[in-house]
Amino acid sequence: MKKILIIADGIVAKHFLQRISETFISTNEYTIITLDRSILPEKHPSNFVTYQFDPTSYIKLSKILKRDFDDIFIVMKNRVDAEGTYLNIRRDNPVTRITFFNRWDIEFSKDNLFNDQNLININANELIASRLYDFLPNVPVVAQNVGLGQGEIMEVLVPFGSAYVYRHIGTIIQNQWRIVALYRGNQLLLSKPSLMIKPNDLLLLVGKPSVLESVFRAIKQELGQFPAPFGENLYIYMDMSREDRDCILNCLEQVKYLHKRIKGRKLVVRVTSPTDADLLETIKKLDSESVECIVDFRNTPPEKLIAEDVEEYNIGLIICGRDIFSDRGYREIFYRLRKPVLQFSDISLMQLKKLVLILSDDKSMEIISATVFDVASQLGVDIELLDYEPDSDFEKKRFILNHYENLSSIFSKSLQIRQENRNPIRQLAHEEPFLQVIPFTDKILQNRLFSYFSTDVEKLYFKLSHNPQLFVPVDIE
Numbered sequence: 001m002k003k004i005l006i007i008a009d010g011i012v013a014k015h016f017l018q019r020i021s022e023t024f025i026s027t028n029e030y031t032i033i034t035l036d037r038s039i040l041p042e043k044h045p046s047n048f049v050t051y052q053f054d055p056t057s058y059i060k061l062s063k064i065l066k067r068d069f070d071d072i073f074i075v076m077k078n079r080v081d082a083e084g085t086y087l088n089i090r091r092d093n094p095v096t097r098i099t100f101f102n103r104w105d106i107e108f109s110k111d112n113l114f115n116d117q118n119l120i121n122i123n124a125n126e127l128i129a130s131r132l133y134d135f136l137p138n139v140p141v142v143a144q145n146v147g148l149g150q151g152e153i154m155e156v157l158v159p160f161g162s163a164y165v166y167r168h169i170g171t172i173i174q175n176q177w178r179i180v181a182l183y184r185g186n187q188l189l190l191s192k193p194s195l196m197i198k199p200n201d202l203l204l205l206v207g208k209p210s211v212l213e214s215v216f217r218a219i220k221q222e223l224g225q226f227p228a229p230f231g232e233n234l235y236i237y238m239d240m241s242r243e244d245r246d247c248i249l250n251c252l253e254q255v256k257y258l259h260k261r262i263k264g265r266k267l268v269v270r271v272t273s274p275t276d277a278d279l280l281e282t283i284k285k286l287d288s289e290s291v292e293c294i295v296d297f298r299n300t301p302p303e304k305l306i307a308e309d310v311e312e313y314n315i316g317l318i319i320c321g322r323d324i325f326s327d328r329g330y331r332e333i334f335y336r337l338r339k340p341v342l343q344f345s346d347i348s349l350m351q352l353k354k355l356v357l358i359l360s361d362d363k364s365m366e367i368i369s370a371t372v373f374d375v376a377s378q379l380g381v382d383i384e385l386l387d388y389e390p391d392s393d394f395e396k397k398r399f400i401l402n403h404y405e406n407l408s409s410i411f412s413k414s415l416q417i418r419q420e421n422r423n424p425i426r427q428l429a430h431e432e433p434f435l436q437v438i439p440f441t442d443k444i445l446q447n448r449l450f451s452y453f454s455t456d457v458e459k460l461y462f463k464l465s466h467n468p469q470l471f472v473p474v475d476i477e
């Protein structure tokens, strides 16, 4: 049996006591002190014991406090009375948890008298403002009284133009967050990989609050959110011991252009093995409010350095030169991080004419579809799908083609579909500059020497690496 003391006065206390009486809990025993008996429920359960006296009187209150209470609630309408009652309790009882109804914006942490680790401060004005805020359109609704109450539980209404519409839950990468259920009409549907999200579904999300904020923006808004939901900021990794001066300067020019096209996000420039002082000075000149240059002088192992940077700066897109990505060790590092990786090449992003995607299995293509349309939109290029079927059986990928056609209609984005029975890599090698988007699977980790003998176009990605390539993670955790 939990023993609870409630010191009550005013209209809020009246509603509080009425609610307690209507939701009878047999394992709680309530002791109620009030000056005004009219706030007590007309009919109250047998586990209510009431007293009528002034709780600011220490002599009277101390007699009640001789009992051992598990919790104490102070819900009063007058500030002086509430503070006086609190101080009276703490004179004899410094450890019992007190829940204090604060309608006066008292800042407890700034007053030594109220620097209390066992005090729960319920700010009434913040609660009301928060509840009103929930009714604004296009704002996340978070659970206030469940879990930590810090926004780790959120519900999001999916608009028609969302990149999440008509996607199976199993094809959405959910790193540090999960879709646990959705509401469709008046029906609760528990999450499962085969469940497809439709317009006006209400998603129930659980995860890290900062990650959920990014996911919320990605769901609610239309194109232009990448690198969300993978993260917030851009990160370019440069190693002066592996890359020559011209390569690094080329990467810098391209990343500056990319940063302008993907607006409102921070760019983190990481430099390792700083052997060229003049080049390092050139890089440091990029430092600004939206660009941060950081240099590693300690020869920290790249797997440790990159992982720590990605976590600290909430990185959503990793960028590197072709020399870095050609190293299998780096590809393994990037693959483990489950982040998109953009490989720069000799062909600049400023020269791009289109975004190219060679279709493979349906699941991978559906997973990266939102990223394909978002990136194409932000870079201002059209999308070209290559459906490669040696036996000309193009109906094999009809589902995924319909999926991309639907997204093209939703986002009003130009989409060209090419169906070929000839090797697309040979054809693309001689076409105008393009950005190739590739599912980042374990196929990319394989030794290139062995991949030469493969007929899998994904394993032969490096044959088109003279163009910039974007590798999007598809492994669902």
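For what it's worth, the working numbering labels the leading residue of the sequence shown as 1, then goes sequentially.
The beta carbon of each residue, even a glycine, is placed where N, CA and C say it ideally should be.
Query                                                                                                                                : Result
Option nearest glycine 316 by Cα separation, candidates Phe334, Tyr330, Arg328, Phe325                                               : Phe334
Of the listed residues Met154, Leu379, Pro433, nearest to tyrosine 257 (C-alpha basis)                                               : Leu379
Secondary structure of valine 49, DSSP reduced to three states                                                                       : strand
Which of helix, strand or coil DSSP assigns to glutamine 446                                                                         : coil
Collapsed DSSP secondary structure at aspartate 382 in the structure displayed                                                       : strand
Where alanine 376 sits in the DSSP three-state scheme                                                                                : helix
Among Val95, Phe16, Lys397, the one whose alpha carbon lies nearest that of aspartate 116                                            : Val95
Own chain partners of asparagine 125 with C-beta closer than 8 Å, once the 5 adjacent residues on each side are dropped              : Arg103, Asp105
Per-residue burial, aspartate 70 [other beta carbons within 10 Å of its own, 16 or more giving buried]                               : exposed
Glutamate 395 in three-state terms, based on DSSP                                                                                    : helix
Simplified DSSP state of phenylalanine 16, which is helix, strand or coil                                                            : helix
Histidine 466 classed as buried or exposed, judged by whether at least 16 other C-beta atoms fall within 10 angstroms                : exposed
Counterpart residues of tyrosine 404 in DSSP-defined beta bridges                                                                    : Paired residues: none, contrary to the question.
Contact set for tyrosine 461: own chain, Cβ-Cβ below 6 Å, skip 5 residues either direction                                           : Ile438
Test item: CB-CB of leucine 464 and leucine 352 under 8 Å                                                                            : no
When Asp134, Leu127, Glu83 are compared against leucine 119, the one with the closest alpha-carbon                                   : Glu83
For serine 241, the nearest candidate out of Leu280, Leu337, Ser210, Leu205 (CA to CA)                                               : Leu280
Within-8 Å CB hit, alanine 124 to chain D                                                                                            : Note that chain D does not occur in the displayed structure, where there is just one protein chain.
Residue interval of the alpha helix (DSSP H) (run including arginine 336)                                                            : 328-337
Cβ separation of leucine 203 and glutamate 253, assumed to be a contact under 8 Å, to the nearest whole Å                            : Going by Cβ atoms, the distance from leucine 203 to glutamate 253 rounds to 40 Å, so no, they are not a contact pair.
Under the three-state DSSP convention, the category histidine 466 falls into                                                         : coil
Bridge partners - tyrosine 237, DSSP secondary structure assignment                                                                  : Arg270
C-beta atoms of serine 191 and isoleucine 179 nearer than 8 Å                                                                        : yes
Residues bridged to valine 75 [DSSP beta-bridge criterion]                                                                           : Ala8
Chain-order list of residues whose beta-carbon lies under 6 Å from that of isoleucine 383 (same chain, five-residue window excluded) : Leu355, Ala376, Leu415
Which listed residue (Asp246, Ile347, Arg331) has its alpha carbon closest to that of valine 341                                     : Arg331
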